[in-house]
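If you're matching positions, the sequence shown starts at 636 in this note's numbering and goes up one per residue. Glycine residues also receive a C-beta, built at the ideal position from the N, C-alpha and C atoms. This one's a predicted model, so the numbers in the text were calculated from it and none came from an experiment. Single-structure report; data block below.
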Amino acid sequence: MSTVRTMIAGAGLGLVFCTSAFAQVDLRGVRERNVIQLQQGIDRQNSLAAQRELSAAQSRYATQLTLRGLDEAASPPTEPTLRPALPPTPPRGPGAGDMAGDIERMDRLTDQALAASNARMRAIKPAS
Numbered sequence: 636m637s638t639v640r641t642m643i644a645g646a647g648l649g650l651v652f653c654t655s656a657f658a659q660v661d662l663r664g665v666r667e668r669n670v671i672q673l674q675q676g677i678d679r680q681n682s683l684a685a686q687r688e689l690s691a692a693q694s695r696y697a698t699q700l701t702l703r704g705l706d707e708a709a710s711p712p713t714e715p716t717l718r719p720a721l722p723p724t725p726p727r728g729p730g731a732g733d734m735a736g737d738i739e740r741m742d743r744l745t746d747q748a749l750a751a752s753n754a755r756m757r758a759i760k761p762a763s
């Protein structure tokens, strides 16, 4: 029986030592896995950046081709072109005849107001 107890105790001690060793291996494995995943993330970001740079270069090239085509399509005129003359617009507001009539009317109203004012003054102060 003592041999069985010794074997069980030895197995128990072996199990205790092995679990600590396995725990260290697991931590190392987790650390290595994290480093690998981090490197994969960095590589993926670098790949996406390269794709964006390639897309931007293609867009610049397409823009340059379009602008070059527009420059070639534009031809300078052979003779000067002037804007078409616009028809004369009638003057706004009253005409000269209307203004002369308004001036005469204002003169008459001014004379009437002056005559009324003079009549009031004479009524207040008798003429001497």
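Collapsing the DSSP output to three states places Leu683 in a helix. The alpha-carbon separation between Pro722 and Glu714 amounts to approximately 24 Å. Taken through DSSP and simplified to helix, strand or coil, Gly732 comes out as helix. Here the alpha carbon of Asp742 sits roughly 10 Å from the alpha carbon of Ala748.
Taking the CA atoms as reference points, Ile643 sits about 40 Å from Val670.
In this structure, the alpha-carbon of Arg727 lies about 26 Å from that of Leu744.
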